[in-house]
Structure formats: C-alpha cells, structure tokens
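A.B. asks: In our numbering, the protein residues as written are 6 to 183. The beta carbon of each residue, even a glycine, is placed where N, CA and C say it ideally should be. Bear in mind that the values here come from a model prediction, so they are computed numbers and not experimental data.
1. Under a Cβ-count criterion, where at least 16 other Cβ atoms within 10 Å of its own Cβ denotes burial, should residue 121 be classed as buried or exposed?
2. Enumerate in chain order the residues of its own chain whose CB-to-CB distance from residue 2 is below 7 angstroms, with the five nearest sequence positions on each side excluded.
3. Just to check my reading of the structure: residue 65 and residue 24 have Cβ atoms closer than 8 angstroms, yes? What is that Cβ distance to the nearest angstrom?
4. Measuring alpha carbon to alpha carbon, tell me which residue in 93, 50, 57, 48 is nearest residue 70.
5. So is residue 61 buried or exposed if we call it buried at 16+ other beta carbons inside 10 Å?
6. Within 10 Å of its beta-carbon, does residue 128 have 16 or more other beta-carbons around it, so buried, or fewer, so exposed?
7. Are residue 110 and residue 81 touching if we call contact CB-CB under 9 angstroms?
8. Kindly identify the DSSP beta-bridge partner or partners of residue 84.
9. With a Cβ-Cβ cutoff of 9 angstroms, do residue 63 and residue 88 count as a contact?
10. Here's a check: name, in chain order, each residue in its chain whose Cβ is nearer than 7 angstroms to the Cβ of residue 114, leaving out the five neighbours to either side.
11. If we count the other Cβ atoms within 10 Å of its Cβ and call it buried at 16 or more, is residue 22 buried or exposed?
12. Run through the DSSP bridge pairs and tell me what residue 130 is partnered with.
Laid out in structure tokens, this is it:
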C-alpha cells in the first residue's frame, strides 16, 4: 500500500499508523512497515536520531546491507557520512550503526560490533527500549564502551563536553527514562 506523503502529518513524539495498523515509515512516509515490537523500537530510535541528534533523514538507512566476509546482512539503521553514500549504501562511508531489538530482548551486542568492524563506522548503539542503550566506539581496532554517540555536528571526542547552552530538550522523555 502506498501512502501520499503530503497527507501524513508527522508528530515528533509518536509513531504514525495506517488504518490497517501498519507503521508509516519515518524515513520514507510513502511506505508502511509491519507493526512489530522491533520495528516500533527502530522507528522510535530513528525519530530520536532526527529530532535529538539532528541527523538528516537523507543520511539514515533502514535495513542497510553490511557485507561480513562473503555474507551480506542487514543492519537495522546505518547513518552514512553523506546523502550520496546513503543512496549508494556505501559500507566504506558508514558513520554509525544502530542495532535495535524488541523490548526485553538482550542479545545483539555482538551483532552490532560485527557490523561496526565490517564497515567504516566509528561506533554504534544497541537499544531495545527496555534497558539502557549501550554505546560503543571503535578505537585502534578495539571496541570501547562510550557514553553516547555524537550529534550530527559533533565529533566522538566532544561527547561529554556539552555545555548547558548547547543542550536541546528531548522529544520523548518516556523513552529516555526507560
């Protein structure tokens, strides 16, 4: 089913559903996705990346291919260095990888790390919306726990150096406090 993007009024704080109960895709409102627990987590986190971290939709891709050896897998969300890299799904220009899981699922951290090592991504985040997100950064070939991922306009080194004047209000405090 195709949705007219001009008819979709997109609230910042919640998912948009069709009359059939399918999720209107946040990155491409002309398509819908099944209303599953993992998809709700993925769509919600994409909103967070857009509204709180200021990543443009044009550099984010759902189900982005990541080649690990001869096997191709799909990362839940990949943030690329540019819109062109996102359009081409250029694994060599990945910036951040996000692995989402359904609430209460605990696995997938190893999967996230393998996507980061197989791509050019400097780091990533694992989230299931029940537990606190886990952030990782690749430094000198090793995976390090990290306090967060960078916003669109900041570097990995700048994380933790926020001043009160640079802080932005969150769009979904319920998700943040989970």
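C.D. replies: To lay it out plainly:
1. Walking along the chain shown from the start, residue 121 turns up at place 116. The residue is buried, with at least 16 neighbouring Cβ atoms inside 10 Å.
2. Here the chain covers residues 6 to 183 and nothing more, so residue 2 does not appear.
3. Taking the first residue of the chain shown as position 1, residue 65 is located at position 60. Taking the first residue of the chain shown as position 1, residue 24 is located at position 19. Contact doesn't hold; Cβ gap of about 27 angstroms is too wide.
4. Here the question's residue 70 lines up with position 65 in the chain shown. Residue 70 has its Cα closest to that of 93, out of 93, 50, 57, 48.
5. Sequence index remark: in the chain shown, residue 61 carries index 56 (1-based). So residue 61 ends up on the exposed side.
6. Your numbering for residue 128 matches position 123 in the chain shown. Label assigned to residue 128: buried.
7. Here the question's residue 110 lines up with position 105 in the chain shown. Here the question's residue 81 lines up with position 76 in the chain shown. No, the Cβ-Cβ distance between residue 110 and residue 81 is not below 9 angstroms.
8. Looking up residue 84 in the chain shown gives position 79. DSSP lists 65, 101 as partners of residue 84.
9. The count along the chain shown starts at 1 and reaches residue 63 at position 58. The count along the chain shown starts at 1 and reaches residue 88 at position 83. Against a cut-off of 9 angstroms, the Cβ pair of residue 88 and residue 63 comes out as a contact.
10. Numbered from 1 along the chain shown, position 109 holds the residue referred to as residue 114. These residues qualify, in order along the chain: 131, 139.
11. Looking up residue 22 in the chain shown gives position 17. Exposed, because fewer than 16 other Cβ atoms sit within 10 Å of the Cβ of residue 22.
12. Numbered from its first residue, the chain shown carries residue 130 at position 125. Looking at the DSSP assignment, residue 130 forms a beta bridge with 103, 140.
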